[in-house]
Each structure stands twice: as structure tokens, then as C-alpha cells.
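In the numbering used here, the protein residues as written are 1398 to 1615.
So, in C-alpha cells, the structure goes:
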């Protein structure tokens, strides 16, 4: 049946099966053959027609998750009932509480041995998310008086680099204690800009995700 799929449906099937296997076994312990065995008769050649390697499949999975995340950011950015500061808080809370975060930290891709994956994260953070979603919110906050900074572009980059990279336990293999300390520094940094937008609930969620990641690596 899988051979009769249209190309887009075939790609979606491969990504869906791969993602569930990554969650179940972890990315490092999932092989191309594992993916093939769960595709209902789809051949290895059909997979390699769309993806050159398991790494390419991982990139496609993360691209799909990133696109969904960006849609969420756009919705919050475009709301008219919140000021800039309130939008940033909503973004942080919504991002860290997304159910897919549990899946991402369970998959636990190895950033240390995959420079392309780390570069992809940095590229999206600096060239897409910061200028297209966070910067407009900061600029709104400057206009409505809820955010004070003379360097909106740099602040947008700093906030996302800290949140997506520096505080990411999958990149630095952080323990729950290390995640706590980084969160506290991040909170104090934001407060220096008058942005008291992170709270205890977010800290507990970060520690929960760190725990999920650490368990997946055992």
C-alpha cells in the first residue's frame, strides 16, 4: 500500500514513522533498517529517493517541528490584546509547555557529534526566529513602554540564543542543578531589561525536560 502513496504522503509517512522510532529508541539507536521495517512494505530505494541518510530524516523532522513552532510564534506576535512584554511571557510559557517538547527531549539527538544539527538550530535562531518573531515584539514593547532597550536587534538574538542554546541541556548535557542555575542567571539577565517574564512554573518545566533528556541518555 505504501508504494501507491503520492510523494508528499510518502515523505510524511517516513517522517511520522521515524519520529516515533526516535522517541521509542532514541535517534542514535534507530537505524535506517528500523525505519524501513515499520513502513508497511516501502522499499529502501523509495526512502533513499527522498532522503540520503538518517541524518537527513532527522533534519526533516526538526524542520517540521520548527515550522510548527514558528506558526505559534507568529500567532502570538500578531495578537492585539497584549503589550510587548506580555507577548514575550506568553511565548516563553507556550514554547516550554508544548507537548512536543517532551518528544524532542526523548529523541535526544546528539548535538556534540552533529555539527550540522547545531548549525541548523543556530541558523534558525539568528536568521529566522529572532528577526521575524522576537524583534517585532521587542520593537512593539519599546513603543508601548513595556520594554526598555536601545539595542532591540541584539536583545532579540541574546534572548533566543540563551533560551535555545545556552539553556538547552541537549547541547551542554546539563544536570537538573545546572539547568536551575542557568535559569536563575537567565531570569536575572531579563530583569535587568525590566523583563520579569519567567517564573517558578517555567523553571520546574525546564527541570522536567532536563530529567527527560538525562533518562533518555542512560
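Heads up, the beta-carbon is just placed ideally off N, CA and C, and yes, glycines get one too. Please read all numbers here as calculations on a predicted model, not as lab measurements.
I'd like to check one pair, residue j with residue i: are the Cβ atoms closer than 9 Å?
{"i": "residue 1557", "j": "residue 1590", "result": "no"}
{"i": "residue 1592", "j": "residue 1539", "result": "no"}
{"i": "residue 1502", "j": "residue 1610", "result": "yes"}
{"i": "residue 1458", "j": "residue 1415", "result": "yes"}
{"i": "residue 1506", "j": "residue 1455", "result": "yes"}
{"i": "residue 1541", "j": "residue 1499", "result": "no"}
I'd like the list of long-range same chain contacts for residue i, defined as Cβ closer than 6 Å, with 5 residues on each side in sequence excluded.
{"i": "residue 1401", "result": "The predicted model places residue 1401 with a pLDDT of 49, which falls under 50 and marks its position as unreliable, so this point remains unresolved."}
{"i": "residue 1427", "result": "1418, 1419"}
{"i": "residue 1407", "result": "none"}
I want to check one thing, is the minimum distance from the CB of residue i to the heavy atoms of the ligand GTP below 8 Å?
{"i": "residue 1519", "result": "As presented, the structure is devoid of all ligands, the ligand GTP included, so that no description of it is given."}
If you compare alpha carbons, which of the options is closest to residue i?
{"i": "residue 1441", "options": "1455, 1452, 1411, 1469", "result": "1411"}
{"i": "residue 1600", "options": "1582, 1532, 1569", "result": "1582"}
{"i": "residue 1452", "options": "1407, 1439, 1424, 1470", "result": "1424"}
{"i": "residue 1531", "options": "1550, 1546, 1613", "result": "1550"}
{"i": "residue 1579", "options": "1421, 1594, 1560, 1567", "result": "1560"}
{"i": "residue 1494", "options": "1470, 1569, 1602, 1510", "result": "1602"}
{"i": "residue 1477", "options": "1566, 1568, 1614, 1534", "result": "1534"}
{"i": "residue 1565", "options": "1491, 1406, 1469, 1509", "result": "1509"}
{"i": "residue 1537", "options": "1421, 1482, 1413", "result": "1482"}
{"i": "residue 1448", "options": "1409, 1562, 1475", "result": "1409"}
{"i": "residue 1512", "options": "1568, 1613, 1472, 1421", "result": "1568"}
{"i": "residue 1588", "options": "1475, 1546, 1444", "result": "1546"}
Could you pull out every residue in the same chain whose Cβ sits closer than 7 Å to the Cβ of residue i, ignoring the five residues on either side in sequence?
{"i": "residue 1573", "result": "1604, 1607, 1608"}
{"i": "residue 1598", "result": "none"}
{"i": "residue 1489", "result": "1594, 1595, 1599"}
- Query: Counting pairs of Cβ atoms below 8 Å between the stretch 1458 to 1473 and the stretch 1427 to 1435, do you hit three or more?
  - Reply: Judged by Cβ distances under 8 Å, the stretch 1458 to 1473 makes no contact with the stretch 1427 to 1435, as fewer than three pairs qualify.
- Query: Taking the runs of the beta strand (DSSP E) that are 3 residues or longer, which of them lie wholly in the stretch 1533 to 1615?
  - Reply: Taking 3 residues as the minimum length, the stretch 1533 to 1615 contains no beta strand (DSSP E) run wholly inside it.
- Task: Pick out the complete beta strand (DSSP E) segments inside the stretch 1483 to 1537, 3 residues or longer, and give them in chain order.
- Result: Listed in chain order, there is nothing to give.
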